[in-house]
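Protein chains: 2
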Amino acid sequence: MPKETFYNLSEEKRNRFVQIALEEFAYRDFQAASITQIVKKLGIAKGSVYQYFDDKLDLWLYLKKYSEEIKISYITSLKREDYPNFWEYYRAMYLHGINFDLEHPLCSLLLYRIGFKESSEQVKPYLHTWKEEAKIFFRQWIEAEKKLGTFEEGIATDIIVHFLLTMSLSITELLQDRYHIDFEKNISEGKPLFGKNKEELIKAVNDLIFLMERALKIN
Amino acid sequence: MPKETFYNLSEEKRNRFVQIALEEFAYRDFQAASITQIVKKLGIAKGSVYQYFDDKLDLWLYLKKYSEEIKISYITSLKREDYPNFWEYYRAMYLHGINFDLEHPLCSLLLYRIGFKESSEQVKPYLHTWKEEAKIFFRQWIEAEKKLGTFEEGIATDIIVHFLLTMSLSITELLQDRYHIDFEKNISEGKPLFGKNKEELIKAVNDLIFLMERALKIN
DNA sequence: TAAAAAAATGACTACATAGTCATTTTTAAC
DNA sequence: GTTAAAAATGACTATGTAGTCATTTTTTTA
C-alpha cells in the first residue's frame with residue numbers, strides 16, 4: 009500500500025509518477041524494471057520513491073491494482089439482458105473491452121505481462137490471481153448460458169472457458185500478424201494503436217468470434 | 009557459436025553443462041538468468057564458461073539452437089500420406105510433438121519462454137524467429153490442405169494458421185487448469201510430467217481438436 | 001621424462017541495482 | 001515573520017552481475 013505522502017501529492021504529480029512507473033513496468037520484467045530509471049525519467053530523487061512506497065514490490069502491487077480497477081470498470085458496464093443472444097453480447101463485450109486497451113495501453117500491457125510473461129521470483133505469489141478470477145467469472149457465466157441452450161451439449165464447461173479465454177486473448181497476436189502492428193512500439197512512440205481506422209480491429213474480432221461460434225454453438 | 013574448447017569437452021561434462029545451463033535459462037528471463045549461479049551449481053570456475061562461449065548471449069543462442077534442433081527432429085518424423093485425413097494427421101502430430109515436451113522438458117520450457125515470455129532487450133532480435141518459421145510452415149501446409157477440401161471455404165488462411173497455432177499451444181494451460189499439474193515444479197523436482205497415465209493428456213488433446221475440427225471443417 | 005599445448009581457475013574490474021537516512025528545502029500553521 | 005510539520009534530496013551501503021586475465025593445473029606430444 010502506498011504511504012500517505014503519495015496520496016498527498018498533487019494529482020498532476022501523482023499522475024505523472026504513475027505514468028512513468030507504468031511505462032517502466034509495462035515494458036520490463038519486475039526484476040528488470042528499475043526504480044533508478046524511473047527516478048531518472050521523472051527527474052526526482054530516489055529517496056522520494058521510498059517516501060511514497062515501502063519498496064519496489066509495493067509500487068508494483070499498486071500499479072497492478074490501479075490497472076485492474078480501470079479494466080474492471082470497462083468490463084462491468086455492459087448488461088446481458090440488453091442483448092438477444094450470447095454471441096451478440098460476447099462480441100459487444102469484446103469490442104468494449106478493447107477500448108480499455110486503446111485508452112489505457114500501458115495498463116493493458118502491464119496486465120498482459122503479469123498474466124502471461126512475468127516470471128520473477130519476487131512476484132510469483134501475485135501472478136495468477138486475475139486469471140483465476142476471470143476463469144471463475146467465465147465459468148459461472150457459461151453455466152448459466154448452457155441452460156439457455158447456447159452451446160452444443162456434451163462440451164464440458166472447463167473447455168469452453170479455456171477456449172473462449174484463449175481465443176479472446178489471442179487477438180493482439182492476430183492483429184500483429186495480419187497488419188504488422190507493433191503495439192509496444194506504437195505505445196512507446198505515443199502513436200495511436202490503430203492507424204486510421206478501427207475497422208481492421210473489428211474485422212479481426214468478427215473473424216475470431218465466427219470461429220468460436222462455429223466451434224461451440226448447437227448445429 | 010561455442011568455442012572449440014566446448015566441443016573438446018567430454019560428452020559427460022558437456023551434457024552436464026548444457027543441462028544445468030538449460031535449467032537456469034528455462035526458469036528465468038535472459039536478463040535474470042545468472043552465469044554466476046550456473047557455475048556455482050556446476051562447481052566450476054566462472055572463467056571456464058568464457059573458455060567455452062564468447063558471452064552470455066552466445067550461450068543462450070547455443071541453448072536455443074540446441075533445443076530447436078531436438079524439437080524439429082520430433083516434428084518432421086510423421087508423414088502426411090500415412091494418414092487418411094488432415095485431422096487424423098494433426099492429432100498424431102500433436103501427440104507426437106508432446107513427446108518432445110515429455111522427454112525434453114527443459115528444452116520445451118526454454119522454447120516456450122523464448123516464444124511467449126521473454127522480453128529482455130538483449131535478445132529481442134532473436135525472439136520471433138521460430139514462431140515466424142512455424143507460421144510459414146503452417147501456411148504452406150494449410151494452403152495445400154485447402155485444395156483437398158479440408159476446411160470450410162471462406163475462412164482465410166491466416167486465421168486458420170492463427171487459430172490452429174493458438175489452440176495447439178494452449179494445451180499446457182488446459183492441463184494445468186484441469187488436472188492442476190504444475191509443470192515447472194514437476195520438472196524442477198525431477199517428477200514425471202504426468203502422474204500415472206497419459207490418458208488425461210490424450211483426452212485433453214482430443215477435446216481441443218474436437219473444437220478445432222468443429223470450427224474449421226466443412227459442414 | 002621433459003616440453004608444449006590446452007584447459008581450469010578465481011581474484012579482480014566495472015557497473016548496475018534496491019534501499020537507507022541524515023540533511024536540506026518546501027509548505028502550512030499561527 | 002516564526003515555528004513546526006511535511007516532503008524532497010542524493011550520497012551512501014550492501015549486494016548482485018558479466019566479463020577479464022595472469023596464473024596454475026592438467027593433458028598431450030615427442
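As they're listed, the protein sequences go chains A and B.
All residue numbers for the first sequence refer to my numbering, where the first residue is 9 and numbers rise by one.
All residue numbers for the second sequence refer to my numbering, where the first residue is 9 and numbers rise by one.
Beta carbons are placed, not taken as given, at the ideal position from N, Cα and C, and that holds for glycine.
Since the model is a prediction, treat every value here as computed from it, not as a measurement.
Here's the rule I'm using: 16 or more other beta-carbon atoms within 10 Å means buried, otherwise exposed. How should residue i be labelled?
| i | result |
| --- | --- |
| B:Y98 | buried |
| B:I80 | exposed |
| B:K72 | buried |
| B:A164 | exposed |
| A:T84 | exposed |
| A:D62 | exposed |
| A:R36 | buried |
| B:K132 | exposed |
| A:E20 | exposed |
Going by the DSSP bridge assignment, what does residue i pair with across the sheet?
| i | result |
| --- | --- |
| A:T159 | At residue 159 of chain A the sequence reads Phe, which differs from the Thr that was named. Partner(s): A:K225. |
Starting from the C-beta of residue i, find all residues in its chain whose C-beta is less than 7 Å away, skip the five residues before and the five after it, and write them out in chain order.
| i | result |
| --- | --- |
| A:F218 | none |
| A:M175 | L216 and M220 |
| A:L135 | I122 and E126 |
| A:A100 | L86 and Y91 |
| A:A41 | E32 and F33 |
Identify the contact partners of residue i in chain B, using a Cβ-Cβ distance below 7 Å as the criterion.
| i | result |
| --- | --- |
| A:L4 | This structure leaves residue 4 of chain A out entirely; chain A is present only between 9 and 227. |
| A:F171 | L219 |
So with CB distances below 9 Å, who are the chain B contacts of residue i?
| i | result |
| --- | --- |
| A:I167 | L182, R186, A212, D215, L216, F218 and L219 |
| A:A2 | Given a span of 9 to 227 for chain A in the structure shown, any question on residue 2 of chain A remains unanswerable. |
| A:S116 | Chain B residues near A:S116: none, gap ~15 Å exceeds 9 Å. |
List the residues of chain B whose Cβ lies closer than 8 Å to the Cβ of residue i, in chain order.
| i | result |
| --- | --- |
| A:F14 | Ordered by position in chain B, no residue passes the 8 Å Cβ test against A:F14, which lies about 28 Å from the chain. |
Given a cut-off of 8 Å, decide if residue j and residue i are closer than it, judged by their beta-carbon atoms.
| i | j | result |
| --- | --- | --- |
| B:N194 | B:L183 | no |
| B:F38 | B:W68 | yes |
| A:L103 | A:F146 | no |
| B:L110 | B:F159 | no |
| B:I226 | B:G157 | yes |
| A:F124 | A:I78 | no |
| A:A212 | A:I168 | no |
| A:E32 | A:I52 | no |
| A:H112 | B:E181 | no |
Tell me which same chain residues have a C-beta within less than 8 Å of the C-beta of residue i, skipping the five on either side of it?
| i | result |
| --- | --- |
| B:L17 | F25 and Y60 |
| B:E208 | L183, R186, Y187 and F202 |
| B:D66 | M9 and P10 |
| B:I43 | K54, V57, K64 and L67 |
Starting from the beta carbon of residue i, find every residue of chain A whose beta carbon is closer than 8 Å, and list them in chain order.
| i | result |
| --- | --- |
| B:A223 | L219, M220, R222 and A223 |
| B:S178 | H170 and T174 |
| B:I124 | As written in the sequence, residue 124 of chain B is Phe, which differs from the Ile given in the question. Within chain A, the residues near B:F124 are F124 and K125. |
Just to confirm my understanding: we take residue i, look at its own chain, exclude 5 residues before and 5 after, and list those with CB closer than 6 Å. What are they?
| i | result |
| --- | --- |
| A:T13 | Q59 and Y60 |
| B:V49 | Rather than Val, the amino acid found at residue 49 of chain B in this sequence is Lys. Excluding sequence neighbours, B:K49 sits near I28. |
| A:S75 | C115, L118 and L119 |
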